[in-house]
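A quick write-up on the structure given underneath.
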Amino acid sequence: MHTLQVENVSKNYDKFKAVTDVSFSLPEGNMFALLGPNGAGKTTTMRMIMNIILPDSGSIKLFGETFQESHKNRIGYMPEERGLYGKMKVLDQIQFLGEMKGMSPAQAKKTGQEWLEKFGLADRAKKKVHELSKGMQQKVQFIGTVVHSPDLMIIDEPFSGLDPVNTKFMKDVLLDMKRQGTTIILSTHLMDQAEKLSDEICLINKGEILLQGTVNDVKRAHTNNAVTVGYSGDAAFINNYDIVESVNDYGNYMEVRLKDDTSPGKLFKRLAGENIDVHRFEAAEMTLNEIFIQQIGGAEA
Amino acid sequence: MKKTLTIIKREFMTKLFNKGFLISTLLGPIFIMGIYFIPSYFRGQSAEEQLVVQVVDYSQSLGNQLPGMFGDTNADGQARFIVSPLSPASYEADQETFYQAVEENYVDAILVLPADLSSGEMTYISAEGHQSVSSRIFIERVRATINQQRLTNAGLDPGEVSRLTAPLALKAIKLSGGEASADSGTNPVVTIIFLTILYMTILVYGASVMQGVVEEKTSRIMEVLLSSGNSFQLMMGKLFGIGGIGLTQYLIWSAAALIAFQFAGSGDHFMASANVTAGTLFFFILFFLLGYFQFSTLYAAVGAMCTTQEDVQSMSTPVTLFIILPFLITISLEPTSNLAQILSMMPLFAPMQMFLRIEQANPAVWEILLSIGINILAILFFTWIAAKIYRVGSLMYGKRPSLGEVLRWVRY
Numbered sequence: 648m649h650t651l652q653v654e655n656v657s658k659n660y661d662k663f664k665a666v667t668d669v670s671f672s673l674p675e676g677n678m679f680a681l682l683g684p685n686g687a688g689k690t691t692t693m694r695m696i697m698n699i700i701l702p703d704s705g706s707i708k709l710f711g712e713t714f715q716e717s718h719k720n721r722i723g724y725m726p727e728e729r730g731l732y733g734k735m736k737v738l739d740q741i742q743f744l745g746e747m748k749g750m751s752p753a754q755a756k757k758t759g760q761e762w763l764e765k766f767g768l769a770d771r772a773k774k775k776v777h778e779l780s781k782g783m784q785q786k787v788q789f790i791g792t793v794v795h796s797p798d799l800m801i802i803d804e805p806f807s808g809l810d811p812v813n814t815k816f817m818k819d820v821l822l823d824m825k826r827q828g829t830t831i832i833l834s835t836h837l838m839d840q841a842e843k844l845s846d847e848i849c850l851i852n853k854g855e856i857l858l859q860g861t862v863n864d865v866k867r868a869h870t871n872n873a874v875t876v877g878y879s880g881d882a883a884f885i886n887n888y889d890i891v892e893s894v895n896d897y898g899n900y901m902e903v904r905l906k907d908d909t910s911p912g913k914l915f916k917r918l919a920g921e922n923i924d925v926h927r928f929e930a931a932e933m934t935l936n937e938i939f940i941q942q943i944g945g946a947e948a
Numbered sequence: 062m063k064k065t066l067t068i069i070k071r072e073f074m075t076k077l078f079n080k081g082f083l084i085s086t087l088l089g090p091i092f093i094m095g096i097y098f099i100p101s102y103f104r105g106q107s108a109e110e111q112l113v114v115q116v117v118d119y120s121q122s123l124g125n126q127l128p129g130m131f132g133d134t135n136a137d138g139q140a141r142f143i144v145s146p147l148s149p150a151s152y153e154a155d156q157e158t159f160y161q162a163v164e165e166n167y168v169d170a171i172l173v174l175p176a177d178l179s180s181g182e183m184t185y186i187s188a189e190g191h192q193s194v195s196s197r198i199f200i201e202r203v204r205a206t207i208n209q210q211r212l213t214n215a216g217l218d219p220g221e222v223s224r225l226t227a228p229l230a231l232k233a234i235k236l237s238g239g240e241a242s243a244d245s246g247t248n249p250v251v252t253i254i255f256l257t258i259l260y261m262t263i264l265v266y267g268a269s270v271m272q273g274v275v276e277e278k279t280s281r282i283m284e285v286l287l288s289s290g291n292s293f294q295l296m297m298g299k300l301f302g303i304g305g306i307g308l309t310q311y312l313i314w315s316a317a318a319l320i321a322f323q324f325a326g327s328g329d330h331f332m333a334s335a336n337v338t339a340g341t342l343f344f345f346i347l348f349f350l351l352g353y354f355q356f357s358t359l360y361a362a363v364g365a366m367c368t369t370q371e372d373v374q375s376m377s378t379p380v381t382l383f384i385i386l387p388f389l390i391t392i393s394l395e396p397t398s399n400l401a402q403i404l405s406m407m408p409l410f411a412p413m414q415m416f417l418r419i420e421q422a423n424p425a426v427w428e429i430l431l432s433i434g435i436n437i438l439a440i441l442f443f444t445w446i447a448a449k450i451y452r453v454g455s456l457m458y459g460k461r462p463s464l465g466e467v468l469r470w471v472r473y
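Protein sequence lines, in the order shown, are assigned to chains H and P. The first sequence lines up with residues 648 to 948 when you count with this note's numbering. The second sequence lines up with residues 62 to 473 when you count with this note's numbering.
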């Protein structure tokens, strides 16, 4: 069964096209990453899934049905702009958010306490939210999103504002939830996180889908003739090679994309004759980050 | 519905345990009672004050008669007036001493009557003026006696004179709902106090709704809430939650007022004349609710249009004006005038104007019901518009929307 089906959805604000003809679907228990630069239409798409704003055309089905207000109780949504009542106490706040998802006060309070313990915040339960550090507020926000055990989680930039320790912690929690059958949508521009976590990705820019599929499929389709070269010396000459499509040069490391009618071997031979010291040559698959920049860059041009 | 209740609960509990609420609720009755008690205390003082007067009668016709005319006693059983004659000879012989007695408050006043009562003037010498209630009563009675004396001097029979000059008794009847009852209308001062509270609470609680909406927008919790409930539930939750707080405050105040009247009402002249009944308090609460819901829906819509506190300042002014204006018009308009009658039917104006008319101008029952009906319709209409604006505005950040844009939101 598909937890979510988005079909040919479009949304315009006056003349600005926020989302154009977007379609994707999520099998139950999937981790899905919505990728794209700022202003690509990710937030609009997520708000449409939540029925916070209505699409101009197209249809969205949640749990196999058209939207009903009761679906909101099965969804946890953490928007990019975090929001909590600053003057409310931590546990009261979580209890309130749980009740807003249809939980009973007692149940929401109990589950909230359990989560606070799991996150090491049990001693902050009676503190007011604005007395906490940003990272802690972020955790409280997360607990508020999951306290009702949603079937579908929608998280905008889950790792923003977190230090490396907490990023790892958050990642583990998400994977844990996924293992227990929760379907998760991540919206992020951090490609390496998306690459490691997600089953499927969908890259959108300027409201349109550029590519989508499983991480492996996407990578396979974009790794032809990509080479990583570790070197020392001046490699500026490589821009003049007729077999090279594009270069991303970091100074002592470069990612080279070759033209379709050539192969890494030809590049290897030519580099051997140049006045640089090659200490690493790898016909590598591209990272999502490279695909991202290549795709978006191509769209810009 | 459950979600609306959850929001109501949050709003209510947050505000209930807020210091501001506790302070205004506790100090409110003290403030109100202060307004009642302070003037009545001072009035009581001047009414109860004993007046000691010495009368110097050059005409030799009244002097001995006067003390007998002031047999009044105060509540404490003491004589209210102590009037003693003073012969002109001893007065002239030692005027300085008598004046000193006045200045040192052994005597409140010296009244000097002229030799010719038909044309001369009488002189009232005192340290504290002649405006206190007791001294005015005293002078009035002396005047009336002199008038009788003149008529008698003109040859009229003294019996006839007193018959002719007897004051006509006043019996006041108040008509209400076809029944006549003794007129003891609510003291206008008290009504103005109630109006002021009505005006201030509608303003404060309406603005509190707006601040709440803006706070939810600036803290960005609005989007989290919208993922749990829809904008209509959020708005209604806020309106009823804060309205509930207002109602709670009114009930506490009303109970305090009723208790205060139970204890203080009977003995005190002013408190008795204040005549605040359960009916007054009922309309007080009813018109607070009617006013609150009209203005708070408008304030909620304004809040949804704002992003920053600067927006709030400029955008809320029109709504605030529509609270101030009816208040100023209501307190300055004669409650029985035609304009007052018309305004007491108008949305936004009615809550204050109709309350005033009920207290001071005895409107017909159908007028009251029609006014309530019109105002309920106005509340529904404002809620409908506000819900539309709220839906679009609650997620709109940045530039202040123009009037055209807002109208488009309403149509959307």
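C-beta: ideal position from N, C-alpha, C; glycine also.
Who are the neighbours of residue i on chain B, taking C-beta pairs under 8 Å?
i, result
"GLU728/H", "Of the protein chains in the structure, H and P, none is chain B."
Can you tell me where the alpha helix (DSSP H) with residue i in it begins and where it stops?
i, result
"GLU420/P", "411-421"
"PHE915/H", "911-919"
"MET901/H", "From DSSP, MET901/H is part of no alpha helix (DSSP H) but of the beta strand (DSSP E) over 900-905."
"ALA162/P", "156-164"
"ALA205/P", "194-214"
"VAL865/H", "862-869"
"ASP372/P", "370-393"
"GLY782/H", "781-793"
"GLU754/H", "In the sequence as displayed, the identity of residue 754/H is Gln instead of Glu. GLN754/H -> alpha helix (DSSP H) spans 752-765."
Residues of chain H with a CB under 8 Å from the CB of residue i: which are they?
i, result
"THR67/P", "PHE743, GLU746, MET747"
"LYS496/P", "Since the first residue of chain P shown is 62 and the last is 473, residue 496/P is not available in this structure."
Listing by chain order, which chain H residues have their CB less than 7 Å from the CB of residue i?
i, result
"SER375/P", "Those within 7 Å of SER375/P in chain H number zero; the least Cβ separation is about 24 Å."
"ARG71/P", "PHE743"
"LEU83/P", "In chain order: nothing, as chain H lies at least about 15 Å away."
"LYS64/P", "MET747"
Locate the beta strand (DSSP E) running through residue i, then write down its first and last residues.
i, result
"ALA930/H", "Looking at the DSSP string, ALA930/H is not in any beta strand (DSSP E), and its letter there is neither H nor E."
"LYS658/H", "649-660"
"THR829/H", "Counting along the chain, THR829/H falls outside any beta strand (DSSP E), and DSSP gives it neither H nor E."
"GLY723/H", "722-725"
"ILE186/P", "184-187"
"TYR260/P", "It is not in any beta strand (DSSP E) - TYR260/P instead sits in the alpha helix (DSSP H) that spans 249-279."
Could you name the residues of chain P that residue i contacts, counting a contact when the two beta carbons are closer than 7 Å?
i, result
"GLU949/H", "The structure shown does not extend to residue 949/H, since chain H is modelled only from 648 to 948, so the question has no answer here."
"MET953/H", "Since the displayed chain H opens at 648 and closes at 948, residue 953/H lies outside it and no answer follows."
Whose CA, out of the options, lies closest to the CA of residue i?
i, options, result
"GLU284/P", "GLY454/P, ARG461/P, ARG472/P", "GLY454/P"
"GLN414/P", "ALA425/P, GLU221/P, ALA401/P, ALA339/P", "ALA401/P"
"PHE806/H", "GLU728/H, TYR888/H, ALA772/H", "GLU728/H"
"THR338/P", "ALA318/P, LEU441/P, ALA227/P", "ALA318/P"
"SER377/P", "VAL274/P, THR65/P, ALA176/P, ILE91/P", "VAL274/P"
"GLU182/P", "LEU174/P, LEU351/P, GLU189/P", "LEU174/P"
"TYR13/P", "VAL363/P, MET130/P, GLU221/P", "Limits of chain P in this structure are 62 at one end and 473 at the other, which puts residue 13/P out of reach."
"VAL471/P", "MET62/P, SER463/P, LEU147/P, ALA448/P", "ALA448/P"
"PHE714/H", "GLY733/H, ARG694/H, GLY730/H, LEU731/H", "ARG694/H"
Please list the partners that residue i has in chain P, where partner means a Cβ-to-Cβ separation under 8 Å.
i, result
"ILE733/H", "Note that residue 733/H is Gly in the sequence shown here, rather than Ile. Chain P residues near GLY733/H: SER280."
"GLY832/H", "Strictly speaking, residue 832/H in this sequence is Ile, with Gly absent from that position. Near ILE832/H there are no residues of chain P at all, since even the closest Cβ is about 13 Å away, more than 8 Å."
"ILE722/H", "SER288"
"LYS719/H", "SER288, SER289, GLY290"
Below 9 Å on C-beta distance, what does residue i contact in chain H?
i, result
"LYS80/P", "By Cβ distance, chain H contributes nothing, its closest Cβ being about 12 Å from LYS80/P, past 9 Å."
Answer yes if the region 791-799 of chain H comes into contact with the region 710-724 of chain H, meaning at least three C-beta pairs across the two stretches below 8 Å, and no otherwise.
In short, these stretches touch, since the Cβ pair count reaches three.
Three or more C-beta pairs under 8 Å: does that hold for the region 191-203 of chain P against the region 111-118 of chain P?
The region 191-203 of chain P is in contact with the region 111-118 of chain P.
Please name the residues in the region 440-462 of chain P whose beta-carbon is closer than 8 Å to at least one beta-carbon of chain H, in chain order.
Shown in chain order are the members of the region 440-462 of chain P whose Cβ falls below 8 Å from a Cβ of chain H: LEU456.
Using 8 Å as the threshold, is the region 742-753 of chain H in touch with the region 826-846 of chain H, meaning 3 or more CB pairs across them?
No, the region 742-753 of chain H does not touch the region 826-846 of chain H.
Say whether the region 840-859 of chain H touches the region 678-696 of chain H, bearing in mind that this needs 3 or more beta-carbon pairs closer than 8 Å, one atom from each stretch.
Taking 8 Å as the limit for Cβ pairs, the verdict is that the region 678-696 of chain H does touch the region 840-859 of chain H.
Using 8 Å as the threshold, is the region 700-712 of chain H in touch with the region 651-660 of chain H, meaning 3 or more CB pairs across them?
Segments in contact, yes.
Does the region 345-364 of chain P touch the region 375-392 of chain P, meaning 3 or more C-beta pairs lie closer than 8 Å?
As far as the Cβ criterion goes, the region 375-392 of chain P touches the region 345-364 of chain P, which means the pair count is three or higher.
Taking contact to mean at least 3 C-beta pairs separated by less than 8 Å, is the region 882-890 of chain H in contact with the region 908-928 of chain H?
Contact between the region 882-890 of chain H and the region 908-928 of chain H is present, because at least three Cβ pairs lie under 8 Å.
Three Cβ pairs or more, each shorter than 8 Å: is that satisfied between the region 402-412 of chain P and the region 424-439 of chain P?
Contact between the region 402-412 of chain P and the region 424-439 of chain P is present, because at least three Cβ pairs lie under 8 Å.
Would you check if there are 3 or more beta carbon pairs closer than 8 Å linking the region 393-400 of chain P to the region 284-302 of chain P?
Flag = no, the region 393-400 of chain P and the region 284-302 of chain P do not touch.
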